[in-house]
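Student:
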Amino acid sequence: MQKRLLDIAVIAKSTNERDDQLFMQLQDDKTRLERWIGAIGMTAAVSPLLGLLGTVSGMIETFKMMTLFGSGDPEVVSGGIAQALVTTELGLVVAIPALILNALLSRKAKSYYNELESFAILISKSDEQANTTEKTKLVNEPKVATQSKEKTAKQPPSVTQVSLEESSAT
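In this note's numbering, the protein residues as written are 941 to 1110.
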(Lines of atoms letter the chains of each structure in order from A and count residues from 1; the text may use other names and numbers.)
(Lines give C-alpha, C1' and ligand atoms only; values in the text may rest on other atoms or scores of the structure.)
Protein backbone atom coordinates (compact mmCIF):
# COMPACT_ATOMS: atom_id res chain seq x y z
CA MET A 1 0.00 0.00 0.00
CA GLN A 2 2.89 2.35 0.69
CA LYS A 3 4.32 1.59 -2.74
CA ARG A 4 1.04 2.67 -4.35
CA LEU A 5 1.16 5.94 -2.42
CA LEU A 6 4.74 6.52 -3.52
CA ASP A 7 3.86 5.72 -7.14
CA ILE A 8 1.05 8.28 -7.01
CA ALA A 9 3.46 10.91 -5.72
CA VAL A 10 5.94 10.19 -8.51
CA ILE A 11 3.37 10.11 -11.34
CA ALA A 12 1.24 13.10 -10.29
CA LYS A 13 1.59 16.21 -12.45
CA SER A 14 0.65 18.81 -9.85
CA THR A 15 0.56 18.98 -6.07
CA ASN A 16 -3.23 19.35 -5.97
CA GLU A 17 -3.71 16.34 -8.24
CA ARG A 18 -1.22 14.36 -6.15
CA ASP A 19 -2.92 15.22 -2.88
CA ASP A 20 -6.36 14.31 -4.27
CA GLN A 21 -5.07 10.98 -5.57
CA LEU A 22 -3.29 10.25 -2.28
CA PHE A 23 -6.53 10.93 -0.39
CA MET A 24 -8.54 8.66 -2.69
CA GLN A 25 -5.94 5.89 -2.37
CA LEU A 26 -5.96 6.21 1.42
CA GLN A 27 -9.75 5.83 1.45
CA ASP A 28 -9.49 2.76 -0.77
CA ASP A 29 -6.79 1.28 1.48
CA LYS A 30 -8.92 1.90 4.57
CA THR A 31 -11.82 0.03 2.96
CA ARG A 32 -9.54 -2.88 2.09
CA LEU A 33 -8.10 -3.03 5.60
CA GLU A 34 -11.52 -3.08 7.25
CA ARG A 35 -13.30 -5.32 4.73
CA TRP A 36 -13.35 -8.59 6.70
CA ILE A 37 -13.14 -7.12 10.18
CA GLY A 38 -16.86 -6.38 10.06
CA ALA A 39 -17.63 -10.01 9.25
CA ILE A 40 -15.57 -11.18 12.22
CA GLY A 41 -17.36 -8.68 14.47
CA MET A 42 -20.72 -9.86 13.18
CA THR A 43 -19.76 -13.47 13.92
CA ALA A 44 -18.77 -12.48 17.45
CA ALA A 45 -22.13 -10.77 17.95
CA VAL A 46 -24.37 -13.41 16.36
CA SER A 47 -22.87 -16.65 17.66
CA PRO A 48 -24.03 -16.23 21.29
CA LEU A 49 -27.51 -15.51 19.95
CA LEU A 50 -27.41 -18.70 17.90
CA GLY A 51 -26.28 -20.54 21.03
CA LEU A 52 -29.21 -19.06 22.91
CA LEU A 53 -31.53 -20.12 20.12
CA GLY A 54 -30.19 -23.66 20.45
CA THR A 55 -30.70 -23.49 24.20
CA VAL A 56 -34.29 -22.44 23.82
CA SER A 57 -35.00 -25.10 21.20
CA GLY A 58 -33.35 -27.74 23.44
CA MET A 59 -35.50 -26.71 26.38
CA ILE A 60 -38.63 -26.81 24.21
CA GLU A 61 -37.67 -30.33 23.14
CA THR A 62 -37.18 -31.28 26.80
CA PHE A 63 -40.60 -29.98 27.75
CA LYS A 64 -42.22 -31.84 24.82
CA MET A 65 -40.58 -35.08 25.91
CA MET A 66 -41.64 -34.49 29.53
CA THR A 67 -45.21 -33.96 28.34
CA LEU A 68 -45.23 -37.20 26.37
CA PHE A 69 -43.34 -39.48 28.75
CA GLY A 70 -43.52 -37.67 32.08
CA SER A 71 -40.71 -36.35 34.19
CA GLY A 72 -39.98 -39.66 35.94
CA ASP A 73 -37.49 -40.86 33.31
CA PRO A 74 -34.17 -38.93 33.64
CA GLU A 75 -33.00 -39.99 30.16
CA VAL A 76 -35.87 -38.10 28.56
CA VAL A 77 -35.07 -34.90 30.43
CA SER A 78 -31.29 -35.15 30.09
CA GLY A 79 -31.31 -35.48 26.28
CA GLY A 80 -33.00 -32.10 25.74
CA ILE A 81 -30.90 -30.38 28.41
CA ALA A 82 -27.72 -31.77 26.84
CA GLN A 83 -28.78 -30.39 23.46
CA ALA A 84 -29.44 -27.00 25.07
CA LEU A 85 -26.07 -26.89 26.81
CA VAL A 86 -24.09 -28.01 23.75
CA THR A 87 -25.48 -25.25 21.55
CA THR A 88 -24.81 -22.65 24.25
CA GLU A 89 -21.25 -23.89 24.59
CA LEU A 90 -20.66 -23.84 20.83
CA GLY A 91 -22.02 -20.31 20.59
CA LEU A 92 -19.58 -19.12 23.25
CA VAL A 93 -16.68 -21.13 21.78
CA VAL A 94 -17.17 -19.26 18.52
CA ALA A 95 -17.98 -15.84 20.03
CA ILE A 96 -15.06 -15.41 22.42
CA PRO A 97 -12.19 -15.99 19.92
CA ALA A 98 -14.07 -13.98 17.26
CA LEU A 99 -14.41 -11.06 19.67
CA ILE A 100 -10.71 -11.18 20.55
CA LEU A 101 -9.72 -11.50 16.90
CA ASN A 102 -11.98 -8.59 15.97
CA ALA A 103 -10.38 -6.36 18.61
CA LEU A 104 -6.83 -7.30 17.62
CA LEU A 105 -7.39 -6.90 13.88
CA SER A 106 -9.24 -3.61 14.34
CA ARG A 107 -6.32 -2.16 16.30
CA LYS A 108 -3.81 -3.51 13.80
CA ALA A 109 -5.75 -2.08 10.84
CA LYS A 110 -6.11 1.33 12.50
CA SER A 111 -2.44 1.39 13.36
CA TYR A 112 -1.39 0.49 9.81
CA TYR A 113 -3.84 3.03 8.36
CA ASN A 114 -2.34 5.72 10.62
CA GLU A 115 1.11 4.77 9.31
CA LEU A 116 -0.14 5.06 5.73
CA GLU A 117 -1.68 8.43 6.51
CA SER A 118 1.58 9.65 8.06
CA PHE A 119 3.50 8.38 5.05
CA ALA A 120 1.18 10.24 2.66
CA ILE A 121 1.55 13.43 4.70
CA LEU A 122 5.32 12.97 4.69
CA ILE A 123 5.28 12.61 0.90
CA SER A 124 3.14 15.72 0.57
CA LYS A 125 5.27 17.77 2.99
CA SER A 126 8.59 16.65 1.51
CA ASP A 127 7.53 17.85 -1.93
CA GLU A 128 6.35 21.16 -0.47
CA GLN A 129 9.65 21.55 1.40
CA ALA A 130 11.60 20.84 -1.78
CA ASN A 131 9.57 23.46 -3.64
CA THR A 132 10.07 25.95 -0.81
CA THR A 133 13.83 25.29 -0.81
CA GLU A 134 14.02 25.80 -4.58
CA LYS A 135 12.01 29.02 -4.35
CA THR A 136 14.25 30.25 -1.53
CA LYS A 137 17.33 29.55 -3.65
CA LEU A 138 15.83 31.37 -6.61
CA VAL A 139 14.87 34.35 -4.48
CA ASN A 140 18.26 34.51 -2.74
CA GLU A 141 20.43 34.10 -5.87
CA PRO A 142 19.58 37.52 -7.37
CA LYS A 143 20.17 39.14 -3.97
CA VAL A 144 23.61 37.57 -3.77
CA ALA A 145 24.49 38.82 -7.25
CA THR A 146 23.18 42.30 -6.44
CA GLN A 147 25.01 42.37 -3.12
CA SER A 148 28.31 41.41 -4.77
CA LYS A 149 27.89 44.22 -7.33
CA GLU A 150 27.14 46.69 -4.52
CA LYS A 151 30.21 45.57 -2.56
CA THR A 152 32.39 46.05 -5.64
CA ALA A 153 31.03 49.53 -6.21
CA LYS A 154 31.53 50.58 -2.57
CA GLN A 155 35.10 49.28 -2.27
CA PRO A 156 37.81 51.90 -2.57
CA PRO A 157 39.85 51.77 -5.78
CA SER A 158 42.94 49.62 -5.66
CA VAL A 159 46.48 51.02 -6.15
CA THR A 160 46.63 49.75 -9.72
CA GLN A 161 43.35 51.43 -10.55
CA VAL A 162 44.62 54.75 -9.10
CA SER A 163 47.92 54.54 -10.97
CA LEU A 164 46.09 53.73 -14.21
CA GLU A 165 43.80 56.70 -13.74
CA GLU A 166 46.78 59.04 -13.05
CA SER A 167 48.72 57.82 -16.07
CA SER A 168 45.75 58.25 -18.34
CA ALA A 169 45.22 61.79 -17.02
CA THR A 170 48.77 62.84 -17.95
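Don't be surprised by glycine CBs; every beta carbon is placed ideally from N, CA and C.
Since we're looking at a predicted model, the values are computed, not measured.
Tell me the rounded alpha-carbon separation between residue 1021 and residue 962.
Tutor: For the purposes of this step, residue 1021 is taken as the residue at position 81 of the sequence shown. For the purposes of this step, residue 962 is taken as the residue at position 22 of the sequence shown. Rounded to whole angstroms, residue 1021 to residue 962 spans 58 Å at the Cα level.
Student: Return the CA-CA distance between residue 1049 and residue 973, expressed in angstroms with no decimal places.
Tutor: Sequence index remark: in the sequence shown, residue 1049 carries index 109 (1-based). Sequence index remark: in the sequence shown, residue 973 carries index 33 (1-based). One C-alpha to the other measures close to 6 Å.
Student: Check this for me: beta carbons of residue 948 and residue 1042, under 8 Å apart or not?
Tutor: Taking the first residue of the sequence shown as position 1, residue 948 is located at position 8. Taking the first residue of the sequence shown as position 1, residue 1042 is located at position 102. Contact flag unset, no.
Student: Drop a sphere of 10 angstroms on the beta-carbon of residue 975, count the other beta-carbons inside from all chains shown, and report buried for 16 or more, exposed for fewer.
Tutor: Sequence index remark: in the sequence shown, residue 975 carries index 35 (1-based). Result: exposed.
Student: Assess contact between the segment 1051-1062 and the segment 996-1009, defined as three or more Cβ pairs (one per stretch) separated by less than 8 Å. Is contact present?
Tutor: no
Student: Look at residue 1030 and residue 991 and say whether their C-beta atoms are less than 8 Å apart.
Tutor: Looking up residue 1030 in the sequence shown gives position 90. Looking up residue 991 in the sequence shown gives position 51. Going by C-beta atoms, residue 1030 is nearer than 8 Å to residue 991.
Student: According to DSSP, simplified to helix, strand and coil, what is residue 985?
Tutor: What you label residue 985 is simply residue 45 of the sequence shown in a count that begins at 1. Note: residue 985 maps to helix in three-state DSSP.
Student: Between which two residues does the alpha helix (DSSP H) carrying residue 960 extend?
Tutor: Here residue 960 refers to the residue found at position 20 of the sequence shown. Per DSSP, residue 960 belongs to the alpha helix (DSSP H) from 955-974.
Student: Alpha carbon to alpha carbon, how far is residue 944 from residue 989? Give it in angstroms, no decimals.
Tutor: The count along the sequence shown starts at 1 and reaches residue 989 at position 49. The count along the sequence shown starts at 1 and reaches residue 944 at position 4. Whole-angstrom Cα-Cα distance: 42 Å.
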